[in-house]
Amino acid sequence: KQEVTQIPAALSVPEGENLVLNCSFTDSAIYNLQWFRQDPGKGLTSLLLIQSSQREQTSGRLNASLDKSSGRSTLYIAASQPGDSATYLCAVRSYGQNFVFGPGTRLSVLP
Amino acid sequence: NAGVTQTPKFQVLKTGQSMTLQCAQDMNHEYMSWYRQDPGMGLRLIHYSVGAGITDQGEVPNGYNVSRSTTEDFPLRLLSAAPSQTSVYFCASRLGSGFATNEKLFFGSGTQLSVL
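Protein sequence lines correspond, in order, to chains U and E. Residues in the first sequence are numbered consecutively from 452, following my numbering. Residues in the second sequence are numbered consecutively from -17, following my numbering.
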């Protein structure tokens, strides 16, 4: 059974810092991995999706990497801003229909 | 384009009551699903559907029923509410229903349910 973990559970940084969020999964036979952002009381917004054949995806200040062999993905946020404060979740899809989600990392960017 | 719409946003039930959480999408997505989100446990899949008339169980299906009579709608029914079903419920959809697709998953804004 696929299990997804995220470290750290919470992170607080000053504005302007570059930061890395980590996602680990136990079964490396994945089809794709998706990073989401969740604001308090809101639904999840898709940030990036990385296919198993890809090493990384970029969108603006966000860069997600994937290392299937080690069961890891990282989400890099450059020049963090207070508006980046949210919970970030990763989700892994194995060769089937459904995603398995990690518990999330709660990020606070302090002005 | 409304995307994925969930109603109601908040609901309080008494133990034993039944209710239906509504989910509708206007993107012609084949795949639809229901998750519950509990503190410290991430999102867990309740039920999913790969098209009208086709549904299947996820990780935590007990106490919930679903049906999919149209492509657009995927309601979740609580048969006899229990305090353990207090949670935030999310509906999510994506375009393709096949095993080999790379479409993103789109979420509704959630329903916060309390069972007393």
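Note that the Cβ used here is the ideal one computed from N, Cα and C, for glycine as well.
Met23(E) has a beta carbon lying within less than 9 Å of a beta carbon in chain U. A Cβ of chain E is located within less than 9 Å of the beta carbon of Pro554(U). For Gly494(U), the nearest beta carbon of chain E is closer than 9 Å to its own beta carbon. As DSSP reads the structure, Ser91(E) sits in no beta bridge. With fewer than three CB-CB distances shorter than 8 Å, the region 12 to 20 of chain E does not count as touching the region 501 to 515 of chain U. Nearest neighbour of Ser0(E) by Cα position, chosen from Leu58(E), Phe88(E), Gly90(E) and Val70(E), turns out to be Leu58(E). Residues of chain U whose Cβ lies closer than 8 Å to the Cβ of Gly90(E) are, in chain order, Gly494. Burial state of Gln532(U) is exposed, judged by a 10 Å Cβ sphere holding fewer than 16 other Cβ atoms. Note on geometry: alpha-carbon atoms of Gly(-2)(E) and Gln489(U) lie some 31 Å from one another.
The beta carbon of Lys(-9)(E) sits closer than 8 Å to the beta carbons of Ser91, Gly92, Thr93 and Gln94 from its chain, once the five residues preceding and following it are set aside; these are given in chain order. By the neighbour-count criterion, in which a residue is buried when 16 or more other Cβ atoms sit within 10 angstroms of its Cβ, Ser75(E) is buried.
Under DSSP, the beta-bridge partners assigned to Asn483(U) are Gln502(U) and Arg544(U). For Glu507(U), the pairing in a beta bridge is given by DSSP as Ser516(U).
Burial is judged here by how many other beta carbons sit within 10 angstroms of a residue's own beta carbon; Tyr546(U) has fewer than 16 and is exposed. Neighbours of Phe72(E) across chain U, judged by C-beta separation under 9 Å: Gly494 and Leu495.
Bounds of the beta strand (DSSP E) holding Gly24(E) are Gly24 to Gly33.
Under the 10 Å beta carbon count, Arg506(U) is surrounded by fewer than 16 other beta carbons and is classified as exposed. Put simply, the region 554 to 561 of chain U does not touch the region 30 to 39 of chain E. Fewer than three CB pairs are less than 8 Å apart. Considering only Val42(E), Thr2(E), Ala6(E) and Ser49(E), the residue with the shortest C-alpha distance to Phe88(E) is Ala6(E). Between Gln548(U) and chain E, the shortest Cβ-Cβ separation is below 9 Å. Interface with chain U (9 Å Cβ-Cβ cutoff): Val32(E) is included. Assignment of Ser66(E) by DSSP, reduced to helix, strand and coil, places it in the helix class. Within its own chain, the residues whose Cβ lies closer than 7 Å to the Cβ of Ser69(E), once the five positions on either side in sequence are excluded, are Arg18, Gln19, Asp20 and Leu95, listed in chain order.
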